[in-house]
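J.: Every letter in the first sequence is one number past the one before it in our numbering, and letter 69, counting from 1, is 80.
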Amino acid sequence: MNKKLEDIIKTSLTKMDIEIPDEIIIEKPNNKLNGDYSTNIAMRLAKNLHKNPIEIAHSIADLINEEYIEEVKVEKPGFINFFLNKKYLLDNIKRINEDDKYGILPKKNIKVNVEYVSANPTGNLHVGHARGACFGDSLCRILSASGYDVTREYYVNDGGNQINNLGISIKERYKEKCGLDCNLTDDCYHGKEIIDIAEELYSEYSNELLDKDIEYFCNLGIEKLLSKIKEVLETLNVSFDIWTSEKTLRKNGMVEKALESLKEKGYTYEQDDALWLKTQEYGDDKDRVLVKSDGTYTYFTPDIAYHLDKIERGYDKLIDILGADHHGYVPRLKAAVQMLGKDKENIETEIVQMVRFVRGEEIVKFSKRTGNAITIEELIEEVGKSAVRYFFVMRSLDTQMDFDLELAKKNSNENPVYYVEYAHARCCSILKEAEKKQLTISTEFNKISVDSCNELLSKLYEYENVIESSAAKRSPHILTNYIYELSSIFHSYYASDKVITDDYELSKEKLAIINATRIIISKALMLLGIEAREKM
RNA sequence: GCGCCCGUAGCUCAAUUGGAUAGAGCGCUUGACUACGGAUCAAGAGGCUAUGGGUUCAAAUCCUAUCGGGCGCGCCA
């Protein structure tokens, strides 16, 4: 939570000749009376040292003498509470204003690969994918800011059975356009986008394509659908570094390579004319089929090859972001990765829980089958892309959240995105006003009374720690909550204390704080994929 | 039936991964505009953290049982 304090405590412990524990927990008390930061280290040490935690706390506290800390207090069961030096908080404002790289933490030298969305190119993206897309993108931005070396990846399933069904679906719809019979089986795709593609083909080529084979329609479909997917993701500011094609992996022999490696290690066996993987040995419910009795692969097999490919590309950590409806897939995936020689810790899965859309009281129904689905474009059109991005990362990933469309488009403080954007716009407006009066931003703080803006200062100081823990916990919602709280504190400060007054020197000092607030809100919003507006 | 996720104010959600008096917003009640943008602010009411048992200095958080909800459980992808 706070590196600097950790180090200070460590030096005290060393002086006391106490072995330094694995982790020193620093937290921010929810009650301000308990200081800016606090640690429970004394209570944790009490057992081993056979000493009263209060005594230990006092010994540690007495050894602390840092300019950074104004006061150290020991409280009841054995907490040590720290009160930061206010001058330090003002120095922090200066840093925010002057350092472009503020909020970008030192490199960790850890290579992370994050795979998200990875929807099959057999139809349009729908709103179900949008949460994973926004989460994945925000997570990547936050990981990068906190010093990880991040690669963003989309796995394109352009190789399996479903692609053949896509080809058939398009061809049948095309035949329909040409006035022939259309035979769509249950395995086919019935979405409107397939009809649209057929229509496009017909209007461009009339009935010249009737003798083209299924593969022709497959490739055409993938190309068109994928570019549509990319386009939609782009409008959401969601981007990727690498698009890996399943078909290419198959062509390059990666699947055989993975299969051989698993066979060699003795993880496979044959039964009922099929080849199985002993995933049960690594905690899966049952063993899984790799090669079906008809000789084709299951979905699982190329996916193992894909993960082998990622491993060989040298990432320290793979993060897969999966929809809740695929969580049953996790144990076999983790099993396979371990069989390929990696530790459990090398692969992480984040499960995106379902989203329910509501308009006030009314539940918005949508289903893939009836074609009644809300598309992402419609969602963006209805509430705006900032709200889409914000709302999807506003909640912890494992809550089955409600997305209130009515709330998301409200222009008032009920709507959290609006509230935050307004705080930013307000900062901009004050700064513009100051510019008119030719007031500059001060770099010295002589007149300002810290008490009037203490809350704002310490909230701004929290920012870097928020980035760190938001990244460590893979939880963008921590950042979202932070901006909201920061905005609230700002609005409150704004109401209580006028910035631009006749006292020009004092005004300039206050402007520095306003500008720092503006910068932090804008940086934080950027990490959520939202461009901060200067005007509403 | 088995597995995963979840159950916190009337509603939507937090809670620094075991910390101090469980916090926000909406809604409800009351108050504040001669204003750098009132598109906002200040205050109040509202809780046996689904339920029972356990672990310890400390439990919404960990273990266990039960109840309730969501999602999975294919030689589909």
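We treat Cβ as the ideally placed atom computed from N, Cα and C, and that holds for glycine.
Remember, it's a predicted structure, so these values are computed and weren't measured experimentally.
Nearest CA to the CA of D462: which residue from H338, N96 and L390?
T.: As a position in the first sequence, residue 462 is number 451, starting the count at 1. Ranking H338, N96 and L390 by Cα distance to D462 puts N96 first.
J.: At the level of alpha carbons, what is the spacing between A9 and Q411?
T.: In the structure as shown, the chain begins at 12 and stops at 547. Residue 9 is therefore absent and cannot be evaluated.
J.: Please classify R163: is it buried, with 16 or more other beta-carbons within 10 angstroms of its beta-carbon, or exposed?
T.: Taking the first sequence and counting its residues from 1, one reaches residue 163 at position 152. The residue in question, R163, is buried, as its Cβ has 16 or more Cβ neighbours within 10 Å.
J.: By Cβ distance below 8 Å, which residues in the same chain neighbour C193 in space, the five residues on each side in sequence not counted?
T.: To locate residue 193, count along the first sequence from 1; it is residue 182. Answer for C193: E183, R184, K186 and E187, listed in chain order.
J.: Skipping 5 residues on each side, what residues in its chain have a beta carbon closer than 7 Å to that of F456?
T.: Your numbering for residue 456 matches position 445 in the first sequence. Closer than 7 Å at the Cβ level, and outside the excluded window around F456, lie L101 and E520.
J.: Can the beta-carbon of P132 be found closer than 7 Å to that of I233?
T.: Numbered from 1 along the first sequence, position 121 holds the residue referred to as residue 132. Numbered from 1 along the first sequence, position 222 holds the residue referred to as residue 233. Cβ distance < 7 Å, so P132 and I233 count as in contact.
J.: Am I right that I362 and V348 are in contact with their C-beta atoms under 8 Å? What's the rounded C-beta distance?
T.: Translated into positions along the first sequence, residue 362 becomes position 351. Translated into positions along the first sequence, residue 348 becomes position 337. With 8 Å as the limit, I362 and V348 do not qualify as a contact, their Cβ atoms being about 16 Å apart.
J.: Please find out if some non-hydrogen atom of the ligand MG comes closer than 6 Å to the beta-carbon of A523.
T.: Ligands in the displayed structure: none, and consequently the ligand MG is not present.
J.: If contact is defined by three or more beta carbon pairs under 8 Å, each pair taking one atom from either stretch, is the stretch 334-348 in contact with the stretch 310-318?
T.: Yes: the two stretches touch, three or more of their Cβ pairs being nearer than 8 Å.
J.: Whole angstroms are fine: how far does the CA of I478 sit from the CA of P117?
T.: Taking the first sequence and counting its residues from 1, the one referred to as residue 117 is at position 106. Taking the first sequence and counting its residues from 1, the one referred to as residue 478 is at position 467. Computed Cα separation, rounded: 12 Å.
J.: To the nearest whole angstrom, what separates the beta carbons of D415 and Q364, a pair I think is in contact under 8 Å?
T.: In the first sequence, residue 415 corresponds to position 404, counting from 1. In the first sequence, residue 364 corresponds to position 353, counting from 1. Not confirmed; about 16 Å, so no contact.
J.: Taking DSSP as the reference, what is the three-state secondary structure of V369?
T.: By one-based count along the first sequence, residue 369 stands at place 358. In this structure, V369 counts as strand in the three-state DSSP scheme.
J.: Among I541, G134 and I179, whose alpha-carbon lies nearest the alpha-carbon of G202?
T.: Working through the first sequence from its first residue, we reach residue 202 at position 191. Closest by alpha carbon: G134.
J.: Excluding the five sequence neighbours on either side, which residues of its own chain have a C-beta within less than 6 Å of the C-beta of K321, listed in chain order?
T.: For the purposes of this step, residue 321 is taken as residue 310 along the first sequence, with counting starting at 1. Only N124 and L329 meet the Cβ criterion.
J.: Quick check: what's the CA-CA separation for R106 versus E475?
T.: Along the first sequence, one-based indexing puts residue 106 at 95. Along the first sequence, one-based indexing puts residue 475 at 464. Roughly 12 Å separates the two Cα atoms.
J.: Give the range of the alpha helix (DSSP H) segment to which D102 is assigned.
T.: By one-based count along the first sequence, residue 102 stands at place 91. Note, D102: alpha helix (DSSP H), K97 to E109.
J.: Would you identify the three-state DSSP class for D47, choosing helix, strand or coil?
T.: One-based indexing of the first sequence puts residue 47 at position 36. In this structure, D47 counts as coil in the three-state DSSP scheme.
J.: Give me the residue from L56, P40, I37 and K43 with the minimum Cα distance to D28.
T.: Within the first sequence, residue 28 is the residue found at index 17, counting from 1. When only C-alpha atoms are compared, the closest one is L56.
J.: Since G334 is in the alpha helix (DSSP H), which residue starts that stretch and which ends it?
T.: The count along the first sequence starts at 1 and reaches residue 334 at position 323. Per DSSP, G334 belongs to no alpha helix (DSSP H); it is in the beta strand (DSSP E), K328 to G334.
J.: Run through the stretch 414-443 for me and flag every whole alpha helix (DSSP H) of 4 or more residues, listed as ranges in chain order.
T.: Fully enclosed alpha helix (DSSP H) runs of 4 or longer: 416-419.
J.: Terminal residues of the continuous beta strand (DSSP E) containing T360?
T.: Here the question's residue 360 lines up with position 349 in the first sequence. Counting along the chain, the beta strand (DSSP E) containing T360 begins and ends at I358 to V363.
J.: Considering only DSSP beta bridges, list what E164 is partnered with.
T.: One-based indexing of the first sequence puts residue 164 at position 153. In the DSSP output, where bridge partners are listed per residue, E164 has E126 and I253.
J.: Report the residue from W254, Y495 and S460 whose alpha carbon sits nearest the alpha carbon of E425.
T.: Position 414 of the first sequence, counting from 1, holds the residue named residue 425. Residue Y495 is the option with its Cα nearest to E425.
J.: Tell me the residue span of the beta strand (DSSP E) that contains L150.
T.: For the purposes of this step, residue 150 is taken as the residue at position 139 of the first sequence. Note, L150: premise wrong, no beta strand (DSSP E); alpha helix (DSSP H) at V138 to A156.
J.: Throw me the rounded Cβ distance for the I240 and L490 pair, which I believe falls under 8 Å.
T.: Position 229 of the first sequence, counted from the first residue, corresponds to residue 240. Position 479 of the first sequence, counted from the first residue, corresponds to residue 490. Rounded, the Cβ-Cβ distance is 26 Å, inconsistent with contact.
J.: Can you list, in chain order, the residues of its chain with a C-beta nearer than 6 Å to that of Y213? Leave out the 5 residues immediately preceding and following it.
T.: Within the first sequence, residue 213 is the residue found at index 202, counting from 1. K188.
J.: Taking Cβ to Cβ, would you say I36 is nearer than 7 Å to I20?
T.: Sequence index remark: in the first sequence, residue 36 carries index 25 (1-based). Sequence index remark: in the first sequence, residue 20 carries index 9 (1-based). No, the Cβ-Cβ distance between I36 and I20 is not below 7 Å.
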